[in-house]
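As structure tokens, the structure follows; a few thoughts come after it.
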Amino acid sequence: MGRFLSIVLLCLTISTAVAQYVPNSSQGFQFMSMFNPAFAGVEGYQDLKLGYRYQWAGFGKNAPKFINLAYTIRLKEPLDLNMNSTRTGTVDPEKKNEDAPGIKKSIQALGINVFNENIGVMKRLGGGVTYAFHYPVAKKVMLSAGLSVLIDNTKIDVSKLYLGINAQPDQFYQDLVANGANHTNLNVRAGIMLYSPRYYFGVSYLPLVNSVLKTSEAAFSDSFYKGSLQAGVSLPVSPAVDIKPSVLLLMQQDNKFLIDYNVKIYLEQKLWFGVTYRDVKSIVGTVGFNLNEKIGASYSYEVSSGGMQQFSSGSHELVLALRLNNTKRLSQQIW
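Numbers -19 to -1, 1 to 316, taken from mature numbering (1 follows the signal peptide of the UniProt record, and there is no 0), label the letters of the sequence shown in order.
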């Protein structure tokens, strides 16, 4: 039973690590409001994204699979006197926008996220709601603050664990099979961000509240991440080409960091290529395109350069984006 108990402990360790949800994605910028709620509402349209990640393809049908669905809508748009207005005087509507009170140029946004994860014998289903408020602090510069509330349920199907030939399950195992390892967690997180069309910088605190709503004796949870930091800058090198480096950092409870270093090249905001180095010793190549102002898609392939290389055969991820009510034909602002 020693080997079996080790397997159970490993599963519970995985359960603990993922109980505090962050997207397991090589395209984290697509779901940034889950790392920092202040990102909700940055885009000037209704933003709907569906992501599917097939991790460590070498494991075949047992490979981990992740689905993430995110939707964001602005509850309040900033005042824009250039829209639905005619010039009846000598004052430029753009000047009127600049002189308008800050509260009229503020933004309020609501985000909804649903996620599903399958990692071997472990399955998790959850969702969350995000609210963010954006306030102008300078010309084309906004300061935003956001709050997210997430609930997720993690289950471990112990009956699918292989105990070996002629195994003699003890009472502990039989109790696990009968009752299961089941855990429901509530997490509240908060964040702030300063941004403009050319840069962004945000920080978030993830375990603002981390509470167990329901648990079995064999399941437990603790906050795994303290917070996150996000930063990016857009560097136009020509009217048609932008280079956009960025970084996404997660701080663990032991004060160690997980860091993604990214750089993307955008061609007329229609086609883009990206490379990411993750300090867990993996490299990601990404390609994306905008079919029009409403539809976009991106694909990434991640390969490990560490100890998992001989087993994983790489990870695939596809993200589909739908930009609803995009009357201004805006491109995605976060990279």
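Ideal placement from N, C-alpha and C gives every residue a C-beta, glycine not left out. Computed from a predicted structure; not experimentally measured.
Item                                                                                                                               : Value
Thinking C-beta only, is I224 closer than 8 Å to V244?                                                                             : yes
Inspect the beta-carbon positions of S281 and V261 and report whether they are closer than 8 Å.                                    : no
Starting from G241, follow the beta strand (DSSP E) in both directions and report where the run begins and ends.                   : Per the sequence shown, residue 241 should be read as Asp rather than Gly. Segment F238 to L248, the beta strand (DSSP E) holding D241.
Measure the CB-CB distance between Y2 and D138 and report whether it falls below 8 Å.                                              : no
In its own chain, which residues sit with a C-beta less than 8 Å from the C-beta of F12, not counting the 5 before and 5 after it? : P4, S6, K30, G32, N49, A51 and N94
Thinking C-beta only, is L56 closer than 8 Å to A90?                                                                               : yes
Quick one: grab the DSSP three-state call for I84.                                                                                 : helix
Suppose you measure from the CA of K136 to the CA of K120; what does that come to, to the nearest Å?                               : 49 Å
Among V218, G208 and Y26, which one has its Cα closest to the Cα of K237?                                                          : G208
Quick one: complete beta strand (DSSP E) runs, 3+ long, within the segment 8 to 54?                                                : 27 to 35
Kindly indicate which three-state DSSP category E79 falls into: helix, strand or coil?                                             : helix
Which residue or residues does DSSP assign as beta-bridge partners of F270?                                                        : L252 and A278
Quick test of your reading: Y26 and L210, contact by CB under 8 Å. State the CB separation rounded to the nearest angstrom.        : Actually they do not touch by this definition, with Cβ atoms about 26 Å apart.
Any idea if I100 is buried or exposed, counting beta-carbon neighbours within 10 angstroms, 16 or more meaning buried?             : buried
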